[in-house]
Structure formats: structure tokens, C-alpha cells
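Following our numbering, the numbering of the sequence shown begins with 788 at its first residue and continues without gaps.
Every residue gets a Cβ at the ideal spot worked out from N, C-alpha and C, and that includes glycine.
On a predicted model such as this, the values are computed, not experimentally measured, just so you know.
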Amino acid sequence: MTTAVAAESETMQPRAMPDKRFLAFLTPILVLALAVRVGFVLIRQSSVQLVTGDAYWYHFQAKLVAEGRGFLNPFDFYKEGIVSQGADHPPGFVVVLTILDWLGIDSAQGQRLVMCLLGTVSVAVIAFLGRRLGGVRVGLIAAAIAALYPNMWINDGMLMVETVFILATAVALLGCYRYVSRPNRVDVAVISIALTVAAMTRPEAILLFLLLPVPIVLGRSEVAWKERVAQLLVAACIPVLAFAPWVLYNQSRFEDPVFISTGAGQTLAAGNCDLTFSGEHLGFYDTKCLLAPQIQEPTTTDRSLRDSEYRQIARSYIGAHSSDLPKVMAARVGRVWHLFRVDQSVGLDGFIEGRAGGPPGSGFFLVREALWAYFVLAPLAIYGLVALRRRRTLVYPLLMQPALVTLVAAMTFGITRYRAGAEVTIVVCAAVTIEIIASKLFPPRTPEVQPLPTAQPEVTT
788 MTTAVAAESE
798 TMQPRAMPDK
808 RFLAFLTPIL
818 VLALAVRVGF
828 VLIRQSSVQL
838 VTGDAYWYHF
848 QAKLVAEGRG
858 FLNPFDFYKE
868 GIVSQGADHP
878 PGFVVVLTIL
888 DWLGIDSAQG
898 QRLVMCLLGT
908 VSVAVIAFLG
918 RRLGGVRVGL
928 IAAAIAALYP
938 NMWINDGMLM
948 VETVFILATA
958 VALLGCYRYV
968 SRPNRVDVAV
978 ISIALTVAAM
988 TRPEAILLFL
998 LLPVPIVLGR
1008 SEVAWKERVA
1018 QLLVAACIPV
1028 LAFAPWVLYN
1038 QSRFEDPVFI
1048 STGAGQTLAA
1058 GNCDLTFSGE
1068 HLGFYDTKCL
1078 LAPQIQEPTT
1088 TDRSLRDSEY
1098 RQIARSYIGA
1108 HSSDLPKVMA
1118 ARVGRVWHLF
1128 RVDQSVGLDG
1138 FIEGRAGGPP
1148 GSGFFLVREA
1158 LWAYFVLAPL
1168 AIYGLVALRR
1178 RRTLVYPLLM
1188 QPALVTLVAA
1198 MTFGITRYRA
1208 GAEVTIVVCA
1218 AVTIEIIASK
1228 LFPPRTPEVQ
1238 PLPTAQPEVT
1248 T
């Protein structure tokens, strides 16, 4: 005699509002989300010219690719007239912008407006994620927060990878919770595709393959082992197939192997020198760390070799100052979560990172509002996460991005945009808390959520 359990009550089952009604409530929120993002781009970003920084790299490398020149270093090409290969960043966002170039949307402002559309799609995905976690009201509240929360929509006007990264994160989380409800290969593929897109924009996201699909699939004891292995193979094949052309292409143009990018060395060096181990920029980064007299600058022109040299410079400095490392790592983590030198956050985000929009120094009110909004939402999110756990909802997928953010900051430096993926967790979990408060003040006529019915064993002989 064998016993098979048909279902398990580890999650909460939302009582669904008909899709048409849910979409009817969601539509004006999405219109608002798009209006906020477009307003930021038109009012604050229209006068911003790309002269340096990551946005310059993405925009102008995409232009080179669209012209058939390949993934060249845009700084060398446009500023120095030198043709050199470039892989400082993964290719994902450049590919997105290249497609826009091919479609005739080749100005920075036009591409920013397209990012506003992608940011609005993220709001929609967050709405469905919230609905799956806590019901209709949680979904709509999460959408409203994502529509208005500055730390979400500022990214969409920056022409940076965070817009795509947030969307990929939200899709991956939605896929996780769909899979938990009904394990199948399609949702595993959705998770893997989303994480592949994320890794093609931010290389550290490759770690999420170990943190999300692997434990989720292996943890489904009701699924046969052969099927779980097959699902993991699906999850593994997608990033391998996606990255293979990029890796092979890089082997033909660099001396050292380049699997994702050549930017890790510069990132480590920029966060590990005297200027960032003490003083005003403790726990932050300083581009002076990449220049003499802080270091002996690499002289090779091959970016893969330069990356190796920067890595060695960073490792040597860390080894020589290992006693300071706990203090520095704590400062980095404190900065990314706005727990250390909060008074500097507005200036660093607004001036150095350019998150206030507009010309440098033209006003930091947006990053100030973003900071205050974060301080409101963060404690609400913590309570919401605890509330979900008490409902026996699987919460560790929601914790993986915050964990990754903390790890990356500790290893490199703490900046607000490194927290982009975790903002999805903050928004959704804060929505859970707000819905709890709203339910006490305005009780719904029928319960929004109810436990799944207790599983009845199927007995076969």
C-alpha cells in the first residue's frame, strides 16, 4: 500500500477576484506608474547629456553594435579614436539598446522613455506577485507602491541596467510562487529565463541560480526524483545556451578567458584603497582608487589582462589591510541599507550617482524623498515578511535578493542602486503589512485569503 499526498498547505491560497475586475483596478495604477516615470524623464532628464559613466557605456556601445562594429570600448572609440574591444559590462542591456537603435529609437531620451514602459511592466508583474502572495488587495497595494516609490522609478530614467534587472527579478519571483503552487517545467523555464536576463545585466545574479531554482525544485518532495532532475536540467540549459555565444565571442578577442565581463577587477579596485577604507568615503567607492598615486596603473590595453591586474591590486591591498576589513565591510553593508552615514546618502546618490536627475547639483529633492520613502517602507516590509511566514507562506525566495545585495555590498561597496533587486521584496512585503492594517480598519466582506484545504491522502493498493 502506498500513500500519495495530493497537496500541502505551506502557502496561502488567495481568493481570486475575477481577472477582468482585477485588471480594471490595476489599469489606472499602471497609467499612473507610466505618467510618473515619463514625467521624471521629461522634466528632470531632458537636459542630461551622456558624457561619462555606465549609461554612456551602454548607450554608445549599443550604437557601435548597431552599426556592425561589434562590442568595442565606446570611451576609447568616441573619445580617443581608438578601436579596442570592450566587455566591461555583461551584454544584456547593450543588446536591449541595440534593438532600440535598429528600431530607430537611437537617442538617449527616446531610450529612457522606453525604459519607462519596461518599468511600468515591472509594476504589473509586481501586482500579480502580490496577488499570488496575499490576495487581490495586496497585489493592488504593491502595484500602487511600485508606481510611486522613487527608488523604483528613478532607475527607469537613468538608462541603466536596473530597469531590466528589477523586471527580471519580479518575473523570477512570480515564477517561483507559481511553481510552488503547481510544480511544472514551464515555470522552471520562466524562472531560468528571468535569472538569465538578470545575470546578463548584473553578473552577480548568476548566484541566484543556486539560491532560487535549485532549492525550490529539490524541495518538492511530491515530485518524483527523475522529474526534479529533468526540471533542474531545464533550468541549467537556458543560461548555458544564452551565454555560450558571448563566451565564445570573448575568447576570440581577449587574451584571458572572459565569461561574463571584465569589470570585476575595476569594481574591486575602486572599493579597496586608502580613500575607501577610512575617511569620508569609508564603505563607498572612489574612482581615484583606479589612478596613481593610489595604485600603479595597468599599462596593457587588453581589457582581460587589465581586469586581472586590477583584481591583483585589490587582493594585495585587502591582504595588507585585513585588520580593517570587518569595519569596512560593515560600513559597506550599512551604506547599501542606509544604516551608516545616512546624512551622506542624499549627496552621494544625488551628485556622484546622479539619481536626482537633472544637471549635477541642480537639486537633490528626489533622492531625499526616495530616502524617506525607503525609511517608511523598510520596517513595513520586515513586518510583512514575518506575517507571511506566520501564514506558512514560503518566504525564502523573497529573502534571496536582499541576501545577495548584502553579500555584493560587503564584497565591493555600498550604493543604493545595488539594492535594486531587493526593492521588489520591500514593495511586496510592505504591501502585505498595509493590507493587514487596511483589513483591520476596513474589513472586507469576504476573506481575501484562506488556507488551502487540508490534503487528503490518496490510497492505492
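Classification of residue 1066 by the beta-carbon crowding that lies within 10 angstroms, buried from 16 upward: Numbered from 1 along the sequence shown, position 279 holds the residue referred to as residue 1066. Residue 1066 sits exposed, since fewer than 16 C-beta atoms from the chains shown fall within 10 Å of its C-beta.
List the whole-angstrom C-beta distance separating residue 1099 from residue 1077, where the pair is believed to meet the contact cut-off of C-beta under 8 Å. The sequence position of residue 1099 within the sequence shown is 312, counting from 1. The sequence position of residue 1077 within the sequence shown is 290, counting from 1. Cβ atoms of residue 1099 and residue 1077 stay farther apart than 8 Å, at about 14 Å.
For residue 892, collect the residues of the same chain with a Cβ closer than 7 Å to its Cβ; drop the 5 residues on either side in sequence, then sort them by chain order. On the sequence shown, position 105 is the one that residue 892 refers to. Within the same chain, residue 892 has close Cβ partners 898, 901.
Check each candidate in 1103, 1093, 1126, 1198 and name the one with the smallest Cα separation from residue 1072. Looking up residue 1072 in the sequence shown gives position 285. Among 1103, 1093, 1126, 1198, the Cα nearest to that of residue 1072 belongs to 1198.
Just the C-alpha distance for residue 946 and residue 908, rounded to the nearest angstrom, thanks. The residue you call residue 946 lines up with position 159 of the sequence shown. The residue you call residue 908 lines up with position 121 of the sequence shown. Their backbone Cα atoms lie some 16 Å apart in a straight line.
Which residues does DSSP pair with residue 872 in a beta bridge? Position 85 of the sequence shown, counted from the first residue, corresponds to residue 872. Beta-bridge annotation (DSSP): residue 872 is paired with 859.
Supposed contact pair residue 1158 and residue 1125 - C-beta distance, whole angstroms, cut 8 Å: The sequence position of residue 1125 within the sequence shown is 338, counting from 1. The sequence position of residue 1158 within the sequence shown is 371, counting from 1. Contact flag correct, Cβ pair sits at about 7 Å.
Here's a check: name, in chain order, each residue in its chain whose Cβ is nearer than 7 Å to the Cβ of residue 1172, leaving out the five neighbours to either side. Taking the sequence shown and counting its residues from 1, the one referred to as residue 1172 is at position 385. Residues of the same chain with a CB within less than 7 Å of the CB of residue 1172, apart from the 5 flanking positions on each side, are 1182, 1185, 1216 in chain order.
Looking at C-alpha atoms only, which residue of 995, 1190, 1120, 1096 is the closest neighbour of residue 1043? Counting from 1 along the sequence shown, the entry for residue 1043 is found at position 256. The shortest Cα separation from residue 1043 among 995, 1190, 1120, 1096 belongs to 1096.
Using 7 Å as the cut-off, classify the Cβ of residue 851 as near or not near the heavy atoms of the ligand MN, replying yes or no. As presented, the structure is devoid of all ligands, the ligand MN included, so that no description of it is given.
Counting C-beta neighbours from all protein chains within 10 Å, is the total for residue 1049 16 or more, i.e. buried, or is it exposed? Translated into the one-based positions of the sequence shown, residue 1049 becomes position 262. Note on residue 1049: 16 or more other CB atoms within 10 angstroms of its CB, so buried under the neighbour-count rule.
Quick one: what's got a C-beta closer than 7 Å to residue 1207's C-beta in the same chain, skipping five residues either side? Translated into positions along the sequence shown, residue 1207 becomes position 420. The answer, listed in chain order, is 942, 949, 952, 953.
CA-to-CA distance, residue 1220 to residue 1174, given in whole angstroms: Position 387 of the sequence shown, counted from the first residue, corresponds to residue 1174. Position 433 of the sequence shown, counted from the first residue, corresponds to residue 1220. The alpha-carbon atoms of residue 1174 and residue 1220 are separated by roughly 8 Å.
Quick check on DSSP: helix, strand or coil for residue 957? Sequence index remark: in the sequence shown, residue 957 carries index 170 (1-based). Note: residue 957 maps to helix in three-state DSSP.
Since residue 1123 and residue 1192 should fall inside the 8 Å C-beta cutoff, what is the C-beta to C-beta distance between them, to a whole number of angstroms? Reading the sequence shown from its first residue, position 336 is the one you call residue 1123. Reading the sequence shown from its first residue, position 405 is the one you call residue 1192. Taking a contact as a CB-CB distance under 8 Å, the pair residue 1123 and residue 1192 counts as one, their CB atoms being some 6 Å apart.
Output yes or no for whether 8 Å exceeds the beta carbon distance between residue 1134 and residue 1070. Taking the first residue of the sequence shown as 1, we reach residue 1134 at position 347. Taking the first residue of the sequence shown as 1, we reach residue 1070 at position 283. With contacts defined by Cβ atoms closer than 8 Å, residue 1134 and residue 1070 do not form a contacting pair.
May I have the straight-line CA-CA distance separating residue 1164 from residue 1145, to the nearest angstrom? Locating residue 1164 in the sequence shown gives position 377, counting from the first residue. Locating residue 1145 in the sequence shown gives position 358, counting from the first residue. A direct Cα-Cα distance of roughly 26 Å separates residue 1164 from residue 1145.
Could you have a look at residue 1292 and say whether DSSP puts it in helix, strand or coil? With the chain covering only 788 through 1248, there is no way to say anything about residue 1292.
Apply the 10 Å Cβ neighbour rule to residue 1024 and answer buried if 16 or more other Cβ atoms are within range, or exposed otherwise. Here residue 1024 is taken as the residue at index 237 of the sequence shown, counted from 1. Under the 10 Å beta carbon count, residue 1024 is surrounded by fewer than 16 other beta carbons and is classified as exposed.
Enumerate, from N- to C-terminal direction, the unbroken alpha helix (DSSP H) stretches of 4 or more residues contained entirely within the stretch 1093 to 1158. Here the runs fully enclosed are 1112 to 1123, 1129 to 1134.
By Cβ distance, which residues of its chain are closer than 8 Å to residue 912, with the 5 residues on each side in sequence left out? As a position in the sequence shown, residue 912 is number 125, starting the count at 1. Around residue 912: 954, 957, 958, 961.
Consult DSSP for residue 730 and reduce its assignment to one of helix, strand or coil. Here the chain has residues from 788 to 1248 only, and residue 730 is not among them.
Look at the alpha carbon of residue 864 and the alpha carbon of residue 1168, and state the distance between them as a whole number of angstroms. The residue labelled residue 864 in the question sits at position 77 within the sequence shown. The residue labelled residue 1168 in the question sits at position 381 within the sequence shown. Approximately 45 Å, taken between the alpha carbons.
Just to confirm before moving on: does the CB-CB distance between residue 925 and residue 1218 stay below 8 Å? Your numbering for residue 925 matches position 138 in the sequence shown. Your numbering for residue 1218 matches position 431 in the sequence shown. Going by C-beta atoms, residue 925 is nearer than 8 Å to residue 1218.
In or out: residue 1083 buried (at least 16 other Cβ within 10 Å) or exposed? The count along the sequence shown starts at 1 and reaches residue 1083 at position 296. Under this definition residue 1083 is an exposed residue.
Segment contact, 8 Å Cβ cut-off, at least three pairs: the stretch 976 to 986 with the stretch 859 to 876: Judged by Cβ distances under 8 Å, the stretch 976 to 986 makes no contact with the stretch 859 to 876, as fewer than three pairs qualify.
Give me, in chain order, the residues of the same chain whose beta-carbon lies closer than 8 Å to that of residue 780; leave out the 5 immediate sequence neighbours on both sides. Since the displayed the chain opens at 788 and closes at 1248, residue 780 lies outside it and no answer follows.
Which of the three DSSP states, helix, strand or coil, is assigned to residue 837? For the purposes of this step, residue 837 is identified with residue 50 of the sequence shown, where counting begins at 1. Annotated three-state conformation of residue 837 is coil, per DSSP.
Simplified DSSP assignment, three categories, for residue 942: Locating residue 942 in the sequence shown gives position 155, where the first residue counts as 1. It is helical.
How many whole angstroms separate the CB atoms of residue 820 and residue 934, which I take to be in contact at a CB cut-off of 8 Å? The count along the sequence shown starts at 1 and reaches residue 820 at position 33. The count along the sequence shown starts at 1 and reaches residue 934 at position 147. About 4 Å separates the two Cβ atoms, so the contact holds.
Closest by CA to residue 889, which one among 814, 968, 849, 877? On the sequence shown, position 102 is the one that residue 889 refers to. Checking every option, the nearest Cα to that of residue 889 belongs to 849.
Could you have a look at residue 1229 and say whether DSSP puts it in helix, strand or coil? Working through the sequence shown from its first residue, we reach residue 1229 at position 442. In the three-state DSSP reduction, residue 1229 falls in the coil class, being neither helix nor strand.
In the stretch 1009 to 1094, which residue ranges form an unbroken alpha helix (DSSP H) of at least 4 residues, counting only runs that do not cross its ends? Listed in chain order, they are 1012 to 1038, 1051 to 1057, 1061 to 1064.
On the three-pair Cβ rule with 8 Å, is the stretch 998 to 1013 touching the stretch 836 to 851? Remark: fewer than three beta-carbon pairs, one from each stretch, lie closer than 8 Å, so the stretch 998 to 1013 and the stretch 836 to 851 are not flagged as touching.
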